[in-house]
Amino acid sequence: LPNPLPLSTREHKGHALGRLATAGLEAARYDSQPPGHGDLDGFITRALRQSLDVESAALEYGLTVLATVGSTAPFVGLFGTVWSVHHALLALGSSGQPTIDKVAGPVGEALVMTSAGLAVAIPAVIAYNLFARANRLRLLELDGFAYDLHAFLRAGKPPKPCPNPNLSTDQVLAAPVALAENG
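Oh and the sequence shown: position 97 is 97 in our numbering, straight run, nothing missing.
Structure below.
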């Protein structure tokens, strides 16, 4: 964990880690408040959690639009397909003779509408999944920083680093479970 004081300076306040460090440091200054305002540990935890919630909301901005476009665009394309097939059937019914020129135009329109719906939906769903994954990873990073910052502010020193930096998050989280099962 880097020293949180430089992260709370003016040039870092536009960065999520800087805003989180500022929230934690301001909460740690709470210790000078008069008694009866609750415990410092709880106050720091609430301040960090509120800051994480704000960052989470900022990261999720726009994902709803992508999800909506990705899920509704195929239906818009389907509506266009049904509309075009309906016109093809009306043209057939009014002409009395089923000829290829009466059917080909509206069926071609139907295929274009279907393609347009898919052309919008597929990139939107891919973008949504990419951004959602990136947001999850970023929030995990922020959550880890908040945890370390909380420990730093309470103990006055950074937490001990992981003994093996090559371990994945899943391996680190599984270690206490494995120790309990084998222990």
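The C-beta atom is built at its ideal place from N, Cα and C for all residues, glycine as well.
Would Gly62 be called buried (16 or more neighbouring beta carbons within 10 Å of its own) or exposed? For this step, residue 62 is matched to residue 62 along the sequence shown. Label assigned to Gly62: exposed.
Where Glu60 falls, given that 16 or more other Cβ within 10 Å makes a residue buried: For this step, residue 60 is matched to residue 60 along the sequence shown. With fewer than 16 other Cβ atoms within 10 Å, it is exposed.
If distances are taken between C-alpha atoms only, which option among Pro106, Leu118, Ala67 comes closest to Val218? The shown model of the chain, from 1 to 183, leaves out residue 218, and the question about it has no answer.
CA-to-CA distance, Leu153 to Leu25, given in whole angstroms: In the sequence shown, residue 25 corresponds to position 25, counting from 1. In the sequence shown, residue 153 corresponds to position 153, counting from 1. Taking the straight line joining both Cα atoms gives about 8 Å.
Give me, in chain order, the residues of the same chain whose beta-carbon lies closer than 8 Å to that of Ser95; leave out the 5 immediate sequence neighbours on both sides. Taking the first residue of the sequence shown as position 1, residue 95 is located at position 95. Result list for Ser95: Lys102, in chain order.
According to DSSP, is Pro39 part of a helix, a strand, or is it coil? As a position in the sequence shown, residue 39 is number 39, starting the count at 1. The residue you asked about is not Pro; residue 39 is Asp in the sequence shown. Here Asp39 sits in coil by DSSP.
Give me, in chain order, the residues of the same chain whose beta-carbon lies closer than 6 Å to that of Glu109; leave out the 5 immediate sequence neighbours on both sides. The residue labelled residue 109 in the question sits at position 109 within the sequence shown. Here the set comprises Ser84.
Assigned exposure category for Phe145 - 16 Cβ within 10 Å defines buried: Taking the first residue of the sequence shown as position 1, residue 145 is located at position 145. Classification of Phe145: buried, given that the 10 Å Cβ count is 16 or more.
I need the DSSP call for Gln97, collapsed to helix, strand or coil. The count along the sequence shown starts at 1 and reaches residue 97 at position 97. Correct three-state label for Gln97: coil.
In or out: Ala155 buried (at least 16 other Cβ within 10 Å) or exposed? The residue you call residue 155 lines up with position 155 of the sequence shown. Its Cβ having fewer than 16 others within 10 Å, Ala155 is exposed.
Which runs of the alpha helix (DSSP H) fall wholly inside the segment 55-122 and span at least 4 residues, in chain order? 63-95
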